[in-house]
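Read through the structure below, which is laid out as structure tokens, and then see the notes.
Residue numbers (the UniProt record's numbering), protein chains in the order written: chain Y, 1 to 408; chain Z, 1 to 408.
Spelled out as structure tokens, the structure:
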């Protein structure tokens with residue numbers, strides 16, 4: 001029987017150091033005023049690593065460094081992450097600083113620097129303060145404890161209001177395989193690919209090329225299907241570490257239980273994506289838009305993402321206004337093939353549009369539905385078999401407030 | 001000597017009925033609670049008409065009707081416009097209602113219905129209340145007065161806070177030619193083409209095909225270069241009426257003074273575009289982004305529009321935050337060809353980025369500049385000769401407020 005990602009149950013008391021052989025922690029080193037701002041994740045052995053990175057032409061120095069490791073070496077043993085400064089648009093000094101972070105971490109751990117990745121998130125265009133980083137790396141000590149995992153999750157945050165973690169367990173080759181993820185999101189969220197930082201750990205033994213392929217495939221329907229504000233950041237990174245400590249047969253698509261691993265990986269990615277969307281800057285609600293009947297899955301995702309990204313839809317959801325006109329309008333300008341007379345739209349369980357025309361419904365009932373903290377919109381196009389889902393959040397006063405004063 | 005659009009001076013005391021042979025007015029008929037909601041513009045003779053319309057796959061009924069006239073007949077003598085209801089997604093009844101508006105207006109004026117266009121703007125998905133429309137058309141009486149022009153400009157507004165008018169005069173074949181425009185904008189402004197209603201009147205005699213070609217060309221660098229929220233409406237329409245009453249030789253690109261007419265038309269279109277951007281929903285500031293050194297004019301416009309449309313740039317401008325990191329980030333994700341190490345960015349007259357790296361500047365001086373109601377950003381790419389400009393506005397609490405409660 002095939003395991004589907006929808007059938008898997010999240011394990012609420014596990015975290016990124018639950019897969020065997022991982023340690024992590026986070027501390028305050030002094031880039032931010034008070035909050036934790038330096039995090040480290042380490043595998044006891046070099047792990048096969050896969051990564052997807054921002055499509056922005058302007059790429060932060062640490063991202064360039066980390067991307068190169070994934071591409072050229074395919075193995076990583078540790079990642080050092082700072083928040084508060086993105087180390088982006090910082091020129092040659094920025095590269096030197098990223099390399100210094102890598103070097104210091106490698107020395108601290110006694111491993112080759114080619115096995116250390118670097119991520120940064122925060123303000124763009126400010127030269128890194130390296131003194132606190134140096135002191136921080138000297139004292140940071142990762143552990144395989146819940147506390148370590150929580151500290152890591154906190155230290156990578158910027159304007160996020162909550163930490164984002166998820167863990168699943170599956171059996172492969174008779175061994176328990178754990179797969180866990182941690183992420184930060186909040187602003188500049190228009191992942192094409194993934195506009196945020198996310199790290200997935202697993203003790204499974206997974207072939208590096210198969211892992212990279214799987215990450216790309218799953219990213220398209222998870223991290224790439226969320227949007228907060230349409231701004232694609234300079235620093236977005238998803239990294240997956242598979243250290244093989246569980247002792248299964250190396251996973252590739254040819255392995256009989258590949259689909260089981262894939263399902264668990266999909267579940268982790270989707271959970272983190274929805275958590276990021278829900279915790280978008282200033283957001284009060286998660287919005288899910290599901291499109292079916294499009295000419296292709298790609299077109300369905302395009303429509304879903306256009307609707308969930310529309311500022312007018314986002315403000316209407318914030319205002320609990322069942323303004324389906326803005327939904328159908330966004331369907332129309334998505335650029336996908338649409339027959340206006342065939343469109344059906346459902347908000348929650350209430351049908352509001354059929355054959356492109358309004359159907360009577362109770363505004364009162366829909367207001368009650370829209371007051372919940374998760375709002376689902378379903379769009380049916382009757383054009384083909386394509387389907388896709390995207391996640392986003394409402395647009396609120398707080399989004400404006402947060403971003404009108406981010407640096408001050 | 002060639003007349004350029006930049007060299008022309010706006011005539012502040014003229015309006016859409018200043019070109020000879022035009023009359024207009026606007027009244028309250030009862031679609032809105034109190035404000036004017038029905039407008040009419042009439043030419044004493046059938047005018048050559050050119051039009052550009054929304055690219056949204058979902059098109060409002062009146063737009064479909066009006067587009068057909070432009071395409072099949074190329075002449076129009078009157079346009080009837082209502083605000084408060086967009087007559088979009090209203091099915092077959094919507095088409096019947098648009099045709100009824102056309103029919104009633106034609107009867108009232110004693111002209112063929114094929115010479116009457118119809119526009120609607122407002123809420124999507126509500127069936128038109130036709131009784132107030134019928135009564136309104138029966139009593140509406142256009143005049144060639146300033147009052148008539150003002151009433152027209154007011155009656156087409158939705159959430160706009162100000163009317164939008166501009167007029168220029170040029171001499172062609174020794175005759176004075178007037179060209180005037182009126183527009184409404186505010187929300188759902190992501191014109192690709194033009195996300196709003198705009199009407200341009202001129203007493204020039206202009207060949208219809210030449211006029212249509214000119215409109216398309218100028219729309220690309222004016223109406224299509226503005227954005228408020230990225231939502232492309234179902235109803236966007238720009239119509240140009242050239243009634244030939246001035247008595248010049250028919251203008252085509254072969255006419256020796258074609259460039260003079262083109263300059264005046266460009267000036268009208270750019271004025272209206274900037275007015276729409278500046279009066280975007282909730283906006284406190286006009287933002288102008290000028291890009292040069294791109295690989296093509298098209299790429300330059302794409303970058304300019306991406307920057308001016310970025311919610312993070314828009315909120316930073318609202319907050320008077322010289323956050324150039326968000327500007328360079330938007331340049332990077334615009335999809336255009338960018339060499340990160342060659343980018344220069346100027347805010348007002350202050351250089352903030354050179355060779356993709358921060359340059360020291362006075363934050364205090366820039367805050368003073370950002371407090372003005374027009375903010376200019378210049379981006380130089382050093383990649384080629386392409387240049388382009390886009391206009392938008394800041395993203396404010398009021399935008400959220402207006403759109404979280406639009407229908408209620």
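All C-beta atoms in this analysis are idealised placements derived from N, C-alpha and C, irrespective of residue type, glycine included.
Per DSSP, the bridge partner or partners of residue i
| i | result |
| --- | --- |
| residue 312/Y | Paired residue(s): none; residue 312/Y is not in a bridge. |
| residue 179/Z | 168/Z, 202/Z |
| residue 241/Y | 49/Y, 201/Y |
| residue 251/Y | 206/Y |
| residue 288/Y | 376/Y, 391/Y |
| residue 184/Z | 197/Z |
| residue 122/Y | 84/Y |
| residue 22/Y | 43/Y |
| residue 135/Y | Paired residue(s): none; residue 135/Y is not in a bridge. |
| residue 385/Y | The partner list for residue 385/Y (beta bridge, DSSP) is empty, contrary to what the question assumes. |
| residue 27/Y | 38/Y |
| residue 358/Z | 353/Z |
| residue 75/Y | 48/Y |
Rounded C-alpha distance that separates residue i from residue j
| i | j | result |
| --- | --- | --- |
| residue 185/Z | residue 180/Y | 48 Å |
| residue 358/Y | residue 342/Y | 12 Å |
| residue 96/Z | residue 380/Z | 51 Å |
| residue 385/Z | residue 297/Z | 8 Å |
| residue 221/Z | residue 307/Z | 16 Å |
| residue 224/Z | residue 12/Z | 25 Å |
| residue 271/Y | residue 277/Y | 10 Å |
| residue 331/Z | residue 214/Z | 29 Å |
| residue 195/Z | residue 237/Z | Below a pLDDT of 50, predicted positions are generally treated as unreliable, and residue 195/Z, at 47, falls in that range; the measurement from the model is reported next regardless. Looking at the two C-alpha atoms, the distance is approximately 7 Å. |
| residue 363/Z | residue 403/Y | 17 Å |
| residue 64/Y | residue 383/Y | 42 Å |
| residue 408/Z | residue 313/Y | Caution is warranted here: a pLDDT of 43 is assigned to residue 408/Z, below 50, making its placement in the model unreliable, and no coordinate value can be reported. |
| residue 113/Z | residue 202/Z | 22 Å |
| residue 190/Z | residue 327/Y | At residue 190/Z, the pLDDT of 49 sits below 50, so the modelled position is not reliable; the number obtained from the coordinates is stated separately. About 15 Å. |
| residue 192/Y | residue 3/Z | Caution is warranted here: a pLDDT of 37 is assigned to residue 192/Y, below 50, making its placement in the model unreliable, and the coordinate value is therefore given only provisionally. Residue 192/Y and residue 3/Z: Cα-Cα distance of roughly 45 Å. |
| residue 159/Z | residue 311/Y | 16 Å |
| residue 68/Y | residue 111/Y | 18 Å |
| residue 344/Z | residue 131/Z | 58 Å |
Boundaries (first-last residue) of the beta strand (DSSP E) holding residue i
| i | result |
| --- | --- |
| residue 94/Y | No beta strand (DSSP E) holds residue 94/Y; the alpha helix (DSSP H) holding it covers 91-109. |
| residue 223/Z | Per DSSP, residue 223/Z belongs to no beta strand (DSSP E) and is neither H nor E. |
| residue 296/Y | Taken as a continuous stretch (DSSP letters only), residue 296/Y belongs to no beta strand (DSSP E), as it is neither H nor E. |
| residue 351/Z | 350-354 |
| residue 402/Z | Not the beta strand (DSSP E): residue 402/Z falls in the alpha helix (DSSP H), residues 397-404. |
| residue 347/Y | 344-347 |
Option in the options with minimal Cα separation from residue i
| i | options | result |
| --- | --- | --- |
| residue 339/Z | 145/Z, 371/Z, 293/Z | 293/Z |
| residue 77/Y | 124/Y, 301/Y, 102/Y | 102/Y |
| residue 321/Z | 353/Z, 371/Z, 351/Z | 371/Z |
| residue 199/Z | 39/Z, 28/Z, 400/Z | 39/Z |
| residue 79/Y | 216/Y, 51/Y, 323/Y, 169/Y | 51/Y |
| residue 209/Z | 227/Z, 168/Z, 251/Z | 251/Z |
| residue 155/Z | 32/Z, 362/Z, 124/Z | 32/Z |
| residue 128/Y | 207/Y, 30/Y, 68/Y | 30/Y |
| residue 305/Z | 326/Z, 346/Z, 226/Z, 323/Z | 226/Z |
| residue 323/Y | 124/Y, 377/Y, 301/Y | 377/Y |
| residue 89/Z | 354/Y, 45/Y, 105/Y, 259/Y | 354/Y |
| residue 283/Y | 239/Y, 177/Y, 401/Y, 216/Y | 401/Y |
| residue 53/Y | 235/Y, 211/Y, 152/Y, 125/Y | 235/Y |
Where the alpha helix (DSSP H) through residue i begins and ends
| i | result |
| --- | --- |
| residue 66/Y | 61-72 |
| residue 325/Z | 324-333 |
| residue 260/Z | 258-278 |
| residue 154/Y | 146-155 |
| residue 367/Y | 363-370 |
CB-CB length for residue i against residue j, believed under 8 Å
| i | j | result |
| --- | --- | --- |
| residue 75/Y | residue 56/Y | So it is not a contact: roughly 26 Å between Cβ atoms. |
| residue 62/Z | residue 118/Z | 4 Å |
| residue 218/Z | residue 169/Z | Their Cβ separation, rounded to whole angstroms, is 18 Å, which puts residue 218/Z and residue 169/Z out of contact at 8 Å. |
| residue 167/Y | residue 15/Y | 6 Å |
| residue 241/Y | residue 83/Y | Not really, about 20 Å apart at Cβ, beyond 8 Å. |
| residue 393/Z | residue 285/Z | 6 Å |
| residue 257/Y | residue 365/Y | Not really, about 45 Å apart at Cβ, beyond 8 Å. |
| residue 334/Z | residue 290/Z | So it is not a contact: roughly 14 Å between Cβ atoms. |
Cutoff 8 Å: residue i Cβ touching any chain C Cβ
| i | result |
| --- | --- |
| residue 99/Z | Chain labels in this structure do not include chain C; the protein chains are Y and Z. |
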